[in-house]
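Heads up: the structure comes next, in structure tokens.
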Amino acid sequence: MSLEETLAIELTVNGERVESTVPVRQHLVDFLRTELGLTGSHIGCEHGICGACSVRVDGAVVRGCLMLAVQADGAEVVTIEGLTDSGEIADLQEMFVERNALQCGYCTPGMLITAAELFDIGLPASRENIREFLSGNFCRCTGYHAIVDAVEATLKQRLSR
Amino acid sequence: MKAPRFHYVRPESLDATLGLLAEYGEDARILAGGQSLMPTLNMRLSQPKVLIDINRIEALKGIAVHDGMVRIGALARHVEVMNSPIVAEALPLIAEAMPHVAHVAVRNRGTFGGSIALADPSAEMPACILALGASVVVDGVRGRRTIAADDFFIGLYETAREPDELLVEVLLPPQKPGHVSVFMELSRRHGDFAIAGIACHARVAGGVINDARLAYFGSEAKPVLGTRTMAILNGKAWPTASNEVVNAALDEDLDPIGNTFGSPATKLHLQKVLTRRVLDAAVQRARAP
Ligand SMILES: Cc1cc2nc3c(=O)[nH]c(=O)nc-3n(C[C@H](O)[C@H](O)[C@H](O)COP(=O)(O)OP(=O)(O)OC[C@H]3O[C@@H](n4cnc5c(N)ncnc54)[C@H](O)[C@@H]3O)c2cc1C
Ligand code: FES
Ligand code: FES
């Protein structure tokens, strides 16, 4: 098996149709970063632990490093770039800046895309719920406190509107 | 790291999958949610020649009640099980345990069948189906088999499923009136694999425990029933059965394996503490309407 096996795929990324031929062993984040230049999704551990690679596939947040690009054939993928352009979490992004919820920013796209799902589900905005929901995303800088602050403040702001 | 090379196939039907399994045998691996398999590929801990992606097979999906049993399809994602009204109503043990399985992004993709097929010794779902006395249905070109959970888990990541068989569904008896379920585990962080844990299902009336099924996980090579402990508790009021008697039975039932999360002695101690907490909770839940 010396030749790299490839497969043609067709999917939607951030609302745009994409056609490509990819190595079957390439994971989704490598495809998004190297083929499409969408470098907002980061690669940390490549074995499902850190959450830096989080992307939204068919409406649900998943680990981009634990899904093959060929498995996204026919799917609707949204990355942090798409989420930013749509304005869906503009308030959360502003709050991250205001509350100092990022330092190096490596974990931030994953944190935001996961928090966006928390907003969709509409759990009560307790700090415990927020911590539990973000428990699969590592941050090596902030100590999490400021991140929980930003998510909590945004949730409260949305509820009061 | 990146996954090594493999041949990728994505069958659209159950028959096609079984044919592929028969053809490739031990050279093939089933790809379900990928939440355990993909990490081992990326770290090159496993190098299967062929990956059979079952994600498009409709026959493996869904959660339904059929002939008085709850059928959870192998491809039901953890998140579907967690949000299922059928599971909430008929399988409170599973409903209580599922939030302990990993984190939201992993639950969005990981499957019930994958968790059972993998049989991680620290995983929640294998212990739950053991406590509930469920059955695992596997299929292959040689025929379909239904295996009792009691006989399914054989050793460390080892099950009664043959390499050419596909796990298709799990059949679980709905909880009957008068019964209670309790699930407890200790882990370092929320969503981590357990250091010690118990899935319990029992009939409790007036503080008396009957037909208790206590499945221990996180400490042995596979989920195990505390059979001597279960026998001692049977027909007695809890907490009348003394701690010493229960602890002595647990010494016999369990033989924990140490890891970075604890020595065998620590794990045994934790399982004893959890046993008391679980039984207290069972009696309390039976009292509360
Ligand atoms: C960060 C992280 C934390 C986690 N924490 C937990 C946790 O706390 N508790 C827990 O239980 N799990 C945890 N998991 C694992 C997760 O629950 C997996 O989803 C599950 O163990 C395997 O399911 P899967 O569908 O992803 O299977 P896959 O990864 O696709 O497959 C796992 C194995 O089972 C085989 N297999 C899968 N489906 C079938 C089938 N239908 N028939 C035959 N063989 C099959 C595969 O060939 C493979 O060998 C964690 C995973 C990650 C990445
Ligand atoms: S890179 Fe995917 S979880 Fe770390
Ligand atoms: S801000 Fe640096 S890892 Fe989170």
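Keeping their order, the protein sequence lines are chains A and B.
Using my numbering, read the first sequence as starting at -11 and increasing by one per residue.
Using my numbering, read the second sequence as starting at 6 and increasing by one per residue.
For glycine and all other residues, C-beta sits at the position ideal for the given N, C-alpha and C.
None of these values were measured; they are calculated from a predicted model.
Roughly how many whole angstroms lie between the Cα atoms of residue i and residue j?
i, j, result
"isoleucine 135(A)", "isoleucine 200(B)", "28 Å"
"isoleucine 214(B)", "proline 244(B)", "10 Å"
"aspartate 260(B)", "glutamate 4(A)", "56 Å"
"alanine 206(B)", "glutamate 225(B)", "Checking the displayed sequence, the identity of residue 206(B) turns out to be histidine instead of alanine. Roughly 20 Å separates the two Cα atoms."
"aspartate 258(B)", "alanine 236(B)", "11 Å"
"alanine 154(B)", "serine 247(B)", "30 Å"
"valine 187(B)", "proline 228(B)", "16 Å"
"glycine 119(B)", "isoleucine 152(B)", "16 Å"
"methionine 43(B)", "valine 143(B)", "23 Å"
"glycine 231(B)", "alanine 204(B)", "11 Å"
"proline 16(B)", "threonine 22(B)", "6 Å"
"glutamate -7(A)", "aspartate 61(A)", "16 Å"
"alanine 104(A)", "leucine 238(B)", "47 Å"
"leucine 143(A)", "isoleucine 99(B)", "30 Å"
"valine 283(B)", "asparagine 113(B)", "29 Å"
"asparagine 117(A)", "glycine 211(B)", "35 Å"
"alanine 63(A)", "threonine 0(A)", "6 Å"
"histidine 274(B)", "arginine 193(B)", "16 Å"
"cysteine 53(A)", "valine 85(A)", "27 Å"
"valine 10(A)", "glutamate 23(A)", "9 Å"
"arginine 128(A)", "alanine 253(B)", "44 Å"
"threonine 27(A)", "serine 140(B)", "45 Å"
"leucine 71(A)", "alanine 64(B)", "34 Å"
"glutamine 52(B)", "serine 8(A)", "26 Å"
With respect to 7 Å, is the separation between the Cβ of residue i and the closest non-hydrogen atom of ligand 5 below this value?
i, result
"cysteine 38(A)", "You won't find ligand 5 in this model; what it holds is ligand 1, ligand 2 and ligand 3."
Strictly below 8 Å CB to CB, what residues from chain A border residue i?
i, result
"valine 92(B)", "Under the 8 Å cutoff, chain A gives no residues; its nearest Cβ is about 17 Å from valine 92(B)."
"asparagine 60(B)", "Gln59"
"arginine 193(B)", "The contacting residues do not exist; arginine 193(B) stays about 11 Å from chain A at best."
"alanine 107(B)", "Gly124"
Show which residues of chain B have a CB atom less than 8 Å away from the CB atom of residue i.
i, result
"methionine 55(A)", "Gly39, Met43 and Arg114"
"alanine 63(A)", "Within chain B, no residue comes near alanine 63(A); the closest Cβ sits about 11 Å away, beyond 8 Å."
"valine 50(A)", "Ala110, Asn113 and Arg114"
For residue i, count neighbouring Cβ atoms within 10 angstroms of its own Cβ and tell me buried if that reaches 16, exposed if not.
i, result
"methionine -11(A)", "Bear in mind that the predicted position of methionine -11(A) carries a pLDDT of just 49, short of 50, making it unreliable; the figure below should be weighed with that in mind. When all chains shown are included, methionine -11(A) counts as exposed."
"serine 18(B)", "exposed"
"alanine -4(A)", "exposed"
"isoleucine 68(A)", "buried"
"glutamate 34(A)", "buried"
"threonine 280(B)", "buried"
"asparagine 88(A)", "exposed"
"cysteine 133(B)", "buried"
"cysteine 92(A)", "exposed"
"isoleucine 59(B)", "buried"
"isoleucine 121(B)", "buried"
"methionine 6(B)", "exposed"
"lysine 272(B)", "buried"
"histidine 105(B)", "buried"
"glutamate -2(A)", "exposed"
"arginine 146(A)", "exposed"
"serine 127(B)", "buried"
"glycine 124(A)", "buried"
"arginine 115(A)", "exposed"
"alanine 8(B)", "buried"
"proline 5(B)", "The structure shown does not extend to residue 5(B), since chain B spans only 6 to 294, so no value can be given for it."
Quickly, what does DSSP pair residue i with across the bridge? List them, please.
i, result
"aspartate 58(B)", "Leu36(B)"
"lysine 272(B)", "The partner list for lysine 272(B) (beta bridge, DSSP) is empty, contrary to what the question assumes."
"lysine 66(B)", "Lysine 66(B) is not bridged to any residue."
"methionine 189(B)", "Ile203(B)"
"arginine 149(B)", "Asp144(B)"
"threonine 116(B)", "Arg82(B)"
"methionine 74(B)", "His71(B)"
"glutamate -2(A)", "Glu7(A)"
"tyrosine 29(B)", "Beta-bridge pairing links tyrosine 29(B) to no other residue."
Chain B partners of residue i, CB-CB under 7 Å?
i, result
"glycine 224(A)", "Limits of chain A in this structure are -11 at one end and 149 at the other, which puts residue 224(A) out of reach."
"glutamate 120(A)", "His195"
"threonine 102(A)", "Val109 and Ala110"
"glutamate 105(A)", "Val109"
At a CB-CB cut-off below 9 Å, which residues of chain B make contact with residue i?
i, result
"serine 8(A)", "Residues of chain B passing the Cβ test: none, with the nearest at roughly 15 Å."
"serine 42(A)", "Ala110"
Starting from residue i, find everything on chain A with Cβ-Cβ shorter than 9 Å and list it in chain order.
i, result
"methionine 48(B)", "Glu34 and His35"
"lysine 7(B)", "Arg13, Gln14, His15, Asp18 and Glu34"
"histidine 83(B)", "Those do not exist, as histidine 83(B) stays about 11 Å from chain A at its closest Cβ, beyond 9 Å."
Going along chain A in order, which residues have a C-beta closer than 7 Å to the C-beta of residue i?
i, result
"arginine 34(B)", "Residues of chain A passing the Cβ test: none, with the nearest at roughly 13 Å."
"glycine 196(B)", "Ser123 and Gly124"
Item to complete: Specify which residues have a beta carbon nearer than 5 Å to any heavy atom of ligand 3, listing them in chain order.
Response: Per the Cβ criterion, the list is Leu90(A), Gln91(A), Cys92(A), Tyr94(A), Cys95(A), Cys127(A), Arg128(A) and Cys129(A).
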